[in-house]
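A.B. asks: I'd like to ask some things about the structure below.
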Amino acid sequence: MKKKRIVLCLAQAAIMLLTTVAAAAAPPQAAVVRWPAVAGINYPAEPETLLATVRKYFDSAETPEVPAHLLAVIASPAPYGLAGKVSAHAFKSLQPGQYERVIIIAPGHGPSFENCSIPAVDVFLTPLGPVAVDAAAIRYILYSPIFHAHQIRYDGEKPNDRIHEYEFSIETLLPFLQERLHEFKLVPILIGDLRDPEGQVREGTIATIADTIRPIVNERTLLVVSSSFTHYGGDYGNAPFTEDIESNIARLDRLAFEQVLARNLRGFRAYLKETKNVIDGKDCIQILLKLLPPQAQARILAYETSAAITNDTARSVSYAAFTFHDPSRAAATPRPDKARPLVLRRPEQIAAPPEKVLPPEMERMSGENTERAAPDKE
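Residue numbers for the sequence shown follow this note's numbering, so the first one is 12 and each next one is one higher.
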């Protein structure tokens, strides 16, 4: 019996050794890359132009110095020519190496799916270089049945499964983060359909998502919610008024902002139910409000509408920049020595596989006509 046990142990050891040797001898697998989908559409594709554009927005953004720990921000993923100046306010205070992990909670604008989706990739690529995903954090949250990993496909098969390939709501915000932090690990979370058969958000699902994310939030983690606010016009099925359009849009936005500033989750839900306003990241905002500690303080730093820029009141999208601080904690210490400098990539180095054109439904939900929203437009 003892001999059999010894032989079994030796056999197991041999298998482990052979497996280790085989793994060491095997060629390294190529990283799975999520290619840029909206470079040249939502933001400049030329690295130097993109960097200069983002820095110009940061230079023009006037934000207060808050001697407290930054927990989270809300910023719009709309094209830079319309929302870039506003979005820069949300990220301006960040410094290189200040945060090691960034969790972006963003709404899906493409094919429908339920609950939460994470792209099965190793790297997000932008003209400012690669952003590695946080594999350990993603593995943890994928234990929850509400979170699902989806493979990236750029071939002609299963176009209805392309949840992440052409989604702009995470990608558009990355250059802001890259310019400020230089290096960080990304947890990209797309939020899908969280509604019951009556069309009401499943509050228990919101709570479960927040509870799943909370353990991976530490002192070096920044929460980013990707969302615009009022989407007005026939394109969005949201035209509750036809007169005094700009002032009525401002009123709708102001009512939403009041609930966000008060961190009033119940009030925000009541606002959505009463107004039926179209806000693409409304569920992402609810998840954030559930995640924030009671002592969190919210600030709105900038606000604009596309109608004010384009003079087109037939369709308008509202943009706002929010920050959320914890006054009981000091700001995270920058670590510039631990952050690698940016690695700019030429457009030909980041050219996505075929079918790079943004699907019509996603362009429509981003709220901006490509021509009107030229990335370098002032």
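Yeah, the Cβ is synthetic: ideal placement off N, Cα and C, and Gly gets one too.
Could you give the uninterrupted runs of the alpha helix (DSSP H) lying entirely in the region 193–228, keeping only those of 4 residues or more?
C.D. replies: Correct list: 214–224.
A.B. asks: Buried or exposed for residue 236, please, with buried defined as at least 16 other CB atoms from any protein chain shown within 10 angstroms of its CB.
C.D. replies: Classification of residue 236: buried, given that the 10 Å Cβ count is 16 or more.
A.B. asks: So for residue 271, helix, strand or coil by DSSP?
C.D. replies: Helix.
A.B. asks: Is the beta carbon of residue 138 sitting closer than 8 Å to the one on residue 188?
C.D. replies: In this structure, residue 188 does not lie closer than 8 Å to residue 138 by Cβ.
A.B. asks: Which ranges would you report for the beta strand (DSSP E) in the region 116–194 if only whole runs of at least 3 residues count?
C.D. replies: Complete beta strand (DSSP E) runs here, min 3: 127–130, 134–137, 140–143, 158–161.
A.B. asks: Expressed to the nearest angstrom, what Euclidean distance is found between the alpha-carbon atoms of residue 114 and residue 353?
C.D. replies: Roughly 20 Å between the two C-alpha positions.
A.B. asks: How would you call residue 252, buried or exposed, if buried means at least 16 neighbouring beta carbons within 10 angstroms?
C.D. replies: Residue 252 is exposed by the Cβ-count criterion.
A.B. asks: Tell me, please, which residues DSSP counts as bridged to residue 85.
C.D. replies: In the DSSP output, where bridge partners are listed per residue, residue 85 has 236, 333.
A.B. asks: Beta-carbon within less than 8 Å of residue 119's beta-carbon, same chain only, minus the 5 sequence neighbours each way: which residues are those?
C.D. replies: Within the same chain, residue 119 has close Cβ partners 128, 174, 178, 180, 201, 202, 203.
A.B. asks: In the DSSP output, which residue or residues are listed as bridge partners for residue 316?
C.D. replies: Paired residue(s): 329.
A.B. asks: Under 7 Å Cβ to Cβ from residue 276, same chain only, skipping five residues before and after it: list those, please.
C.D. replies: For residue 276, where only same-chain residues beyond five positions count, the Cβ hits under 7 Å are 297, 300, 301.
A.B. asks: Work out the CA separation of residue 94 and residue 355 for me, nearest whole Å.
C.D. replies: Near 23 Å, if we compare the C-alpha coordinates of residue 94 and residue 355.
A.B. asks: How big is the Cα-Cα spacing for residue 339 and residue 215?
C.D. replies: Approximately 29 Å between the Cα atoms of the pair.
A.B. asks: Would the region 66–83 and the region 143–161 be scored as touching if the rule is three or more Cβ pairs under 8 Å?
C.D. replies: The region 66–83, when compared against the region 143–161, does not touch it at the 8 Å Cβ threshold.
A.B. asks: Would residue 135 and residue 234 qualify as a contact pair, given that the criterion is a beta-carbon distance under 8 Å?
C.D. replies: No.
A.B. asks: Should residue 288 go down as buried or exposed, given a rule of 16 or more other Cβ atoms within 10 Å for buried?
C.D. replies: Residue 288 is buried by the Cβ-count criterion.
A.B. asks: So if DSSP puts residue 45 in a beta bridge, which residue, or which two residues, is it bridged to?
C.D. replies: In DSSP, residue 45 forms a bridge with 135.
A.B. asks: Straight-line CA distance for residue 248 to residue 78?
C.D. replies: When rounded, the distance between both Cα atoms is 42 Å.
A.B. asks: Is residue 322 helix, strand or coil by DSSP?
C.D. replies: In this structure, residue 322 counts as coil in the three-state DSSP scheme.
A.B. asks: Could you check if residue 172 belongs to the surroundings of the ligand ATP, using beta carbon to heavy atom distance under 7 Å?
C.D. replies: This structure does not include the ligand ATP; it has no bound ligands of any sort.
A.B. asks: Cβ of residue 149 within 8 Å of Cβ of residue 219?
C.D. replies: No, the pair does not count as a contact, with Cβ atoms beyond the cut-off.
A.B. asks: DSSP has residue 249 in a bridge; who is on the other side?
C.D. replies: 244.
A.B. asks: One question on the structure: do residue 105 and residue 336 come within less than 8 Å of each other, judged by their Cβ atoms?
C.D. replies: Contact: no.
A.B. asks: For residue 306, name the three-state secondary structure that DSSP assigns.
C.D. replies: Of the three classes helix, strand and coil, the one that applies to residue 306 here is coil, per DSSP.
A.B. asks: Could you give the distance in angstroms between the alpha-carbon of residue 145 and the alpha-carbon of residue 262?
C.D. replies: Looking at the two C-alpha atoms, the distance is approximately 40 Å.
A.B. asks: Whole angstroms are fine: how far does the CA of residue 56 sit from the CA of residue 36?
C.D. replies: The predicted model places residue 36 with a pLDDT of 36, which falls under 50 and marks its position as unreliable, so this point remains unresolved.
A.B. asks: Verify whether the separation of the beta carbon atoms of residue 239 and residue 330 is less than 8 Å.
C.D. replies: For residue 239 and residue 330, yes; Cβs fall inside 8 Å.
A.B. asks: Determine the closest residue to residue 164 out of 131, 112, 294, with distance taken between C-alpha atoms.
C.D. replies: Comparing Cα-Cα distances from residue 164 to each of 131, 112, 294, the minimum goes to 131.
A.B. asks: Could you round the C-beta distance between residue 307 and residue 274 to whole angstroms and report it? I think they count as a contact, below 8 Å.
C.D. replies: At roughly 6 Å, the Cβ-Cβ gap stays under 8 Å, so residue 307 and residue 274 are in contact.
A.B. asks: Where does residue 225 land, buried or exposed, given buried means 16+ other C-beta within 10 angstroms?
C.D. replies: Exposed, by the Cβ-count rule.
A.B. asks: By Cβ distance below 7 Å, which residues in the same chain neighbour residue 309 in space, the five residues on each side in sequence not counted?
C.D. replies: Excluding residues within five positions, the ones whose Cβ falls inside 7 Å are 271, 272, 274, 333, 335.
A.B. asks: Distance check for residue 348 and residue 166, CA to CA, integer angstroms please.
C.D. replies: About 41 Å.
A.B. asks: Kindly indicate which residue of 210, 194, 186, 191 has the alpha-carbon position closest to the one of residue 90.
C.D. replies: Nearest C-alpha to residue 90: 186.
A.B. asks: Got a sec? Which residues, its chain only, sit under 7 Å from residue 207 by beta carbon, not counting five neighbours each side?
C.D. replies: Closer than 7 Å at Cβ, skipping near neighbours: 213.
A.B. asks: Would you grab the beta carbon distance between residue 116 and residue 101 for me? Rounded to a whole angstrom, and I think it's under 8 Å.
C.D. replies: Not a contact, Cβ separation roughly 14 Å.
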